[in-house]
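One structure is given below, encoded as structure tokens.
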């Protein structure tokens, strides 16, 4: 879907057709990409709102300025995305580069030197280091003008919503392809395990992957695997530089002599860590993990917080050092991390990541890897002889091994520290799920003959890795498995070059227009609105490859070249854009090639036969593509066996069973779900997506037809349902059987002011509005609380705070009680964490005739006691609302009249059938409020129309207006309609079987009654039953 400012075919397309087009595309395509328009002067276009509303995944593209300094504030576009996009929608950052992401062309300045020097001062004690750091900054950077060159962290700091980020060089096809694979979940990730010097085999595996053109899109590692992965990610912009970088790191910087000079008195570790720090700093310089072109992550173990740390941001040398900090060999690395929620700093000590996760495969899949290759850099450990005695004298064993002294003991040698540490690292891996089952391909180089510290043999070990990987990869790629086939597709797609978009050449377009045959541009007046003679509109859609041409040739669009505007004339009178009727593509004339070249479209991408047979549709007022008038676009629907006009609760039961027999099912509803859980979703206990799901995917799965429209009337004689879309287009659906189940609407009992000032709880949108309203009131109260210190206004502000923080729930049925319980839970728990200073001002009132009327008296008393004493709710029994004003509710309780100021009022006092049923011309009950049905749920006096749910009532059979009844009625009608027509046995009349009642009271407390085999239940046990029931409903939806 293209941006409206650039697409003539979208700009003036009527909203009805656009909505249907997008819905059809979502059904047909696995991926649908929307490109939003920019926010200009704070104005958000309808197209941008649609893009954000429709999105399941949002990508924000930002041009990367590597020469700037300091943080980069979020643009207005990003602010709108952060405000408007739901929390469950993933948002990712795409950083576009002109050069290399980690390139630093500017000479190292004083501030860069200071940062580098401060990082190497490891010998200073923490307090002294902080003292020197502070005073040096005061001395050199007092004016605050010198700051580090801009990097990715300056963008992420102002964009906390960015879950992932991608670096793309604008002119590099490989980067675009890698980004696309990561977003689509088809990337290839590689996981490098630890193993000390034996991890040099990873470089051989990388060489084999490069020879076979297997792209590496994301990398993770642990211990030495973290070093190997970081080296590869750093060399990704120029893959040919990897061998030289490995030689410089392993051949020159790792030295046995230098390691011995770093020996330390083994209070904490055998080595001071300075040598390893310097090696890593010289290798990675000032690079940070978030700046790497290929995403990289590594693990470490936090021995302070007792958890695994996954690192994706930080100076690269520090996180690699943390992941390589083998206990006993180098000291733990101090690490500080600022918490996002309160800004507090967590301090940690990090050691080797192999103690908790030797193969971090999960992070690869989270980052979009669909194929995971794991490289194991440890030998198969043989059983160890353990009968060396209960006492080990390390000095004697060392002398015997060093000088070859005669040994008195002829038994096995005790294990060394390195052997113990190595086995300890793989203990967790052996206890958890094997890496071979988590990865799609595991490579095992034969490195059993090499030691943990054999860094001098890096070339030999790398050759072993290459020799093991190459045949294994070839065998895997040649296999018939689904993963191998996907890998082959990825390799082929990675070889394709993404051509950069060419700019428009108006001169070439002008030449092409001059060479076009007569009749290309036909004004409406010359054909009386019928188009060129002999032209006929195609039945198929406009070919996708021609859409760029149509967009650019639209005379009313912003991108229309001046040459085209000059050509749009009829004699001396200019043809207005809305009079411009048809563009006829008769043959691949030479003029077309000039036009395509000018538009940046390759002629080779277009099939001439397709061009010959295509009549490109009308270009309307603003350059939009519209093949026929709206009247000709009315839905031409086939007859369907069943038309279901449905609410939300009973939909699934109908659809699930009816489609068994009827393959042609029309549905006029957009969402289905479990509305009894609406109160829980309002305040975050349950995610709204868990209780309400779109209908279209389910309908597609059942091979039914779906129309989201409003039913305007029913023709019972002609057996047709007349519908109207939200954009005004009308159509009709012929039917054989009709099921009406439109549900209920809140009942305000005609009380003045309820509709205008109260909040309702009927749809998921109501739940969202309710929570936003509560948070708004809390923020407003916080503002007045800040002013409360002024003695001249304190009394006024205190009264305003009291009013804002008074919450009123009208209705004591299950919905009202559950909402009140959830509300007090939120205010007393999550609310106090953020608004603790407002605690003494919060009040919750409930006005109701009784509490939980459908339950027995004992449960009513239990619920009332809990709401008052435990939840702190002021319950007014026997109270009736007289009227509602903007901030005041007037109530009568017995002979007492009271008026209470409120900030939020929620109406849960009852429901009534939908007004829609009054105009259908169907039989109604005595009150004229519900459709009257017989005991088979067939509308009285109608042969092929059924009614279910709250909109209907069975003649002579009272039923409660609950979700249970609607579900059972829906399943009954579905079963009735699914019967074989040859069956003569009549189905038994509908009978409702109660499955019990339950209600949540707040504070992990609930009540349940009329359960099968159990009379009633209260307290925490009932709460567990209530939670389990609704969790089961979420899983079953």
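Residue numbers (this note's numbering): 1 to 1037.
Think of the CB as a built atom: it goes at the ideal place given N, C-alpha and C, for glycine as much as any other residue.
Model, not experiment: these values are computed from the prediction.
| Asked | Found |
| --- | --- |
| Tell me whether the beta-carbon of residue 246 lies closer than 8 Å to the beta-carbon of residue 297. | no |
| Taking the alpha carbon of residue 839 as the point to measure from, which residue in 806, 855, 161 has its own alpha carbon closest? | 806 |
| Nearest to residue 963 by alpha carbon, out of 744, 323, 989, 826? | 744 |
| Taking DSSP's pairing of strands, which residues face residue 907 in a bridge? | 760, 810 |
| By DSSP, does residue 493 sit in helix, in strand, or in coil? | helix |
| So the alpha helix (DSSP H) residue 191 belongs to, where does it begin and stop? | Careful: residue 191 lies outside any alpha helix (DSSP H), inside the beta strand (DSSP E) at 187-192. |
| Locate the beta strand (DSSP E) running through residue 334, then write down its first and last residues. | 333-338 |
| Drop a sphere of 10 angstroms on the beta-carbon of residue 168, count the other beta-carbons inside from all chains shown, and report buried for 16 or more, exposed for fewer. | buried |
| Put residue 902 into one of helix, strand or coil per three-state DSSP. | coil |
| Would you grab the beta carbon distance between residue 226 and residue 320 for me? Rounded to a whole angstrom, and I think it's under 8 Å. | 5 Å |
| Restricting to Cα atoms, I'd like to know which of 760, 177, 729 is closest to residue 16. | 729 |
| Ends of the alpha helix (DSSP H) at residue 1039? | This structure cannot speak to residue 1039, because the chain is shown only from 1 to 1037. |
| Could you name the residues of the same chain whose beta carbon sits closer than 6 Å to that of residue 374, not counting the 5 residues immediately before and after it, in chain order? | 191, 359, 435, 439, 442 |
| Note down, in chain order, each residue of its chain lying with its Cβ closer than 6 Å to the Cβ of residue 315, except the 5 sequence neighbours on either side. | 288 |
| Does DSSP put residue 169 in a helix, a strand or coil? | strand |
| For residue 53, does the count of other Cβ atoms within 10 angstroms reach 16, so buried, or fall short, so exposed? | exposed |
| Suppose contacts are defined by Cβ-Cβ distances below 8 Å. Is residue 819 in contact with residue 809 by that definition? | yes |
| Under 8 Å by Cβ, that's how I've got residue 854 and residue 765 pegged, so tell me the actual separation to the nearest angstrom. | Residue 854 to residue 765, Cβ: 27 Å. No contact. |
| Quick one: Cα of residue 98 to Cα of residue 162, how far? | 22 Å |
| Could you check the C-alpha separation between residue 866 and residue 1006 for me, to the nearest Å? | 10 Å |
| Can you give me the start and stop residues for the alpha helix (DSSP H) that residue 16 sits inside? | 15-28 |
| Do residue 329 and residue 254 have their beta-carbon atoms positioned less than 8 Å apart in this structure? | no |
| Does the beta-carbon of residue 845 have 16 or more other beta-carbons within 10 angstroms, so that it is buried, or is it exposed? | buried |
| Taking residue 243 as the reference, give the member of 281, 204, 725 with the closest Cα. | 204 |
| Considering Cα atoms alone, identify which of 732, 977, 493, 65 is closest to residue 739. | 977 |
| With H, G and I counted as helix, E and B as strand and the rest as coil, what does DSSP make of residue 250? | helix |
| By the three-class DSSP mapping on this structure, what secondary structure does residue 450 have? | coil |
| Can you tell me where the beta strand (DSSP E) with residue 744 in it begins and where it stops? | 744-746 |
| Is the Cβ-Cβ distance between residue 299 and residue 356 less than 8 Å? | yes |
| Rounded to a whole number of angstroms, what is the C-alpha to C-alpha distance between residue 952 and residue 869? | 40 Å |
| Report buried or exposed for residue 241, applying the criterion of at least 16 other Cβ atoms within 10 angstroms of its Cβ. | exposed |
| Relative to the C-alpha of residue 750, which residue among 36, 490, 883 is closest? | 883 |
| Pick from 282, 437, 293, 33: whose alpha carbon is nearest that of residue 152? | 293 |
| Do residue 188 and residue 369 count as a contact pair if the criterion is CB distance below 8 Å? | yes |
| Please report how far the alpha carbon of residue 711 lies from the alpha carbon of residue 75, in whole angstroms. | 43 Å |
| Ignore the nearest five residues each way along the sequence and tell me which others in residue 264's own chain have a CB closer than 7 Å to its CB. | 270, 271, 272 |
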